[in-house]
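What follows is a single structure, written as structure tokens, with notes after it.
2 protein chains.
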Amino acid sequence: MTAPGPALTAFYELASTYSYLAVMRLQDAAARAGVTIAWRPFLLGPIFKAQGWDTSPFNLYPAKGRYMWRDMARRCAAAGLPLVPPSPFPANGLLAARAITALADDGDRPRATRALFRTAFGTGRDIADPAVVRDALDGAGLEGAALVARAADPAVKAALRAATDAAVDAGVFGAPSFVTADGELFWGDDRLEDALAWATEGALPAR
Amino acid sequence: MTAPGPALTAFYELASTYSYLAVMRLQDAAARAGVTIAWRPFLLGPIFKAQGWDTSPFNLYPAKGRYMWRDMARRCAAAGLPLVPPSPFPANGLLAARAITALADDGDRPRATRALFRTAFGTGRDIADPAVVRDALDGAGLEGAALVARAADPAVKAALRAATDAAVDAGVFGAPSFVTADGELFWGDDRLEDALAWATEGALPAR
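So the protein lines, in turn, are chains A and B.
According to my numbering, the first sequence is numbered sequentially starting from 2.
According to my numbering, the second sequence is numbered sequentially starting from 2.
Dropping the structure here:
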């Protein structure tokens, strides 16, 4: 047995724009840093509801929403990622989150995650539609129909609820969020590098 | 006469934590990029009120607030900046914003800005207090008492209102924000590098 390396839990929401930016680069960035990622789809809906929001803050605050889409367009262009804003926004990501949860954390979750985010934000298709989820997973070489079926498994549903509860317990209020083994919380695609640095060094590099 | 170089307008609010991180490095970062900064203190209060908020979102949403202070502590440590959370938070930054507005944009505004932010967030003193504003400006080698007096000048008050109106017109909803000559808006200390790149290249560098 080898000792496990530094670990980082990545919480992401399937309807979250900045989660798209983060998950598409997460596996490579973590590998470069020598950090093992726990891939944790979770649901922001219950967290937003507890704050009194019934939709995304990007819809509730139009100036912030307009800015977010422009910022996403600029950053996706710089990263070479396609961007087609989904309609409706935010999508209901429950089924897609459950389908990912049905996969092994250290196996096919990264691939399934990227496929579903690329479908949601790179093509604008509605991932609330089981056929869309199935096609995205098939396209990634996974068994789409079987995973859509397994998404309804009570154990899978419970595991997704547990991931959301763990996020709340860690202080998560938005997505993506990253939590180190010593409990440090980092919020946003912008903080991925900080989170990886903390996971390996226990501190941020001096600027 | 030499042709003016690329320009960037920096909107900052004296009570804003992430504005502290940005303004302390703004002059050096802009000089390295060859960009001329228009230093624009403005007021977030009217913008927050229009969104239905009567205080900072960091107070309205406790999980977000707890995270922000921890994030600030980590990032200030990495940047070698002192951090003492002001009480009350947010401070009323009106007087300090007016005192900076009384100075020439291309003259002493950068120095006055850094002095007042360092007092507000590096010592936790309340910049709503005229004596605190005066001392901070004196400490930066400026005429504190005279600037506090000039803050009450109707032309200075009007200039600060105009800066806030200009921010709203540019789509600003938070601080710090950066606006390029071609109208691109960048929000947050995290976007300063993007803003400088856009000001000089008209695009973000590929990642």
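Ideal placement from N, C-alpha and C gives every residue a C-beta, glycine not left out.
How far does the alpha helix (DSSP H) with B/Ile48 in it extend, from its first residue to its last?
Taking the second sequence and counting its residues from 1, one reaches residue 48 of chain B at position 47. Start and end: Gly46 to Ala51.
Please look up how many angstroms separate the CB atoms of A/Trp70 and A/Pro86, rounded, as I've assumed it's under 8 angstroms.
The residue you call residue 70 of chain A lines up with position 69 of the first sequence. The residue you call residue 86 of chain A lines up with position 85 of the first sequence. Sure, about 6 angstroms apart at Cβ, within 8 angstroms.
When you compare only the Cα positions, how much space is there between A/Tyr21 and A/Ala198?
Stepping through the first sequence from its first residue, residue 21 of chain A is reached at position 20. Stepping through the first sequence from its first residue, residue 198 of chain A is reached at position 197. When rounded, the distance between both Cα atoms is 21 angstroms.
Starting from A/Val180, trace the beta strand (DSSP E) in both directions and tell me its first and last residue.
For the purposes of this step, residue 180 of chain A is identified with residue 179 of the first sequence, where counting begins at 1. Note, A/Val180: beta strand (DSSP E), Ser178 to Thr181.
On the DSSP bridge assignment, give the partners of A/Tyr13 in chain order.
Position 12 of the first sequence, counted from the start, is the residue given in the question as residue 13 of chain A. BP columns for A/Tyr13 point to A/Pro42.
Please report the straight-line C-alpha distance between B/Leu148 and B/Ala100, rounded to a whole angstrom.
Taking the first residue of the second sequence as 1, we reach residue 148 of chain B at position 147. Taking the first residue of the second sequence as 1, we reach residue 100 of chain B at position 99. Rounded to the nearest angstrom, the two C-alpha atoms are 5 angstroms apart.
In this structure, does DSSP put A/Trp188 in helix, strand or coil?
Here the question's residue 188 of chain A lines up with position 187 in the first sequence. A/Trp188: strand per DSSP, three-state reduction.
Just the C-alpha distance for B/Gly125 and B/Leu84, rounded to the nearest angstrom, thanks.
As a first step, residue 125 of chain B is located in the second sequence; it is residue number 124 there, counting from the start. As a first step, residue 84 of chain B is located in the second sequence; it is residue number 83 there, counting from the start. Roughly 8 angstroms separates the two Cα atoms.
Counting pairs of beta carbons, one from the stretch 74 to 83 of chain A and one from the stretch 192 to 206 of chain B, are three or more of them closer than 8 angstroms?
At 8 angstroms Cβ cutoff, the stretches touch.
Which residues, in chain order, does the stretch 62 to 81 of chain A contribute to contact with chain B at a C-beta distance below 8 angstroms?
Hits within the stretch, in order: Tyr62, Ala64, Lys65, Arg67, Tyr68, Arg71, Asp72, Arg75, Arg76, Ala78, Ala79, Ala80 and Gly81.
Mind pulling the chain A residues with CB within less than 9 angstroms of B/Asp191?
Stepping through the second sequence from its first residue, residue 191 of chain B is reached at position 190. Result: Gly189, Asp191 and Arg192.
Short of 7 angstroms Cβ to Cβ, which residues in the stretch 170 to 184 of chain A face chain B?
Within the stretch 170 to 184 of chain A, the qualifying residues are Gly172 and Phe174.
So is A/Arg110 buried or exposed if we call it buried at 16+ other beta carbons inside 10 Å?
The sequence position of residue 110 of chain A within the first sequence is 109, counting from 1. It counts as buried.
To the nearest angstrom, report how far apart A/Gly175 and A/Pro89 are at their CA atoms.
Walking along the first sequence from the start, residue 175 of chain A turns up at place 174. Walking along the first sequence from the start, residue 89 of chain A turns up at place 88. So the alpha carbons of these two residues sit roughly 19 angstroms apart.
Is A/Thr56 helix, strand or coil by DSSP?
For the purposes of this step, residue 56 of chain A is taken as the residue at position 55 of the first sequence. It is coil, neither helix nor strand.
Whose C-beta lies closer than 6 angstroms to the C-beta of B/Thr120 among residues of the same chain, with five residues either side of it excluded?
Walking along the second sequence from the start, residue 120 of chain B turns up at place 119. Around B/Thr120: Arg126 and Ala137.
Could you give the C-beta distance for A/Phe49 and A/Ala168, rounded to a whole number, given that I count them as a contact under 8 angstroms?
Numbered from 1 along the first sequence, position 48 holds the residue referred to as residue 49 of chain A. Numbered from 1 along the first sequence, position 167 holds the residue referred to as residue 168 of chain A. Actually they do not touch by this definition, with Cβ atoms about 12 angstroms apart.
At the level of alpha carbons, what is the spacing between A/Phe12 and B/Met73?
As a position in the first sequence, residue 12 of chain A is number 11, starting the count at 1. As a position in the second sequence, residue 73 of chain B is number 72, starting the count at 1. Approximately 21 angstroms, taken between the alpha carbons.
Could you give the distance in angstroms between the alpha-carbon of B/Thr18 and the alpha-carbon of B/Thr56?
The residue given as residue 18 of chain B occupies position 17 in the second sequence. The residue given as residue 56 of chain B occupies position 55 in the second sequence. Computed Cα separation, rounded: 14 angstroms.
Using 8 angstroms as the limit for Cβ to Cβ distance, is B/Leu84 near chain A?
If you number the second sequence from 1, residue 84 of chain B lands on position 83. For B/Leu84, the answer is no, since every Cβ of chain A falls outside 8 angstroms of its Cβ.
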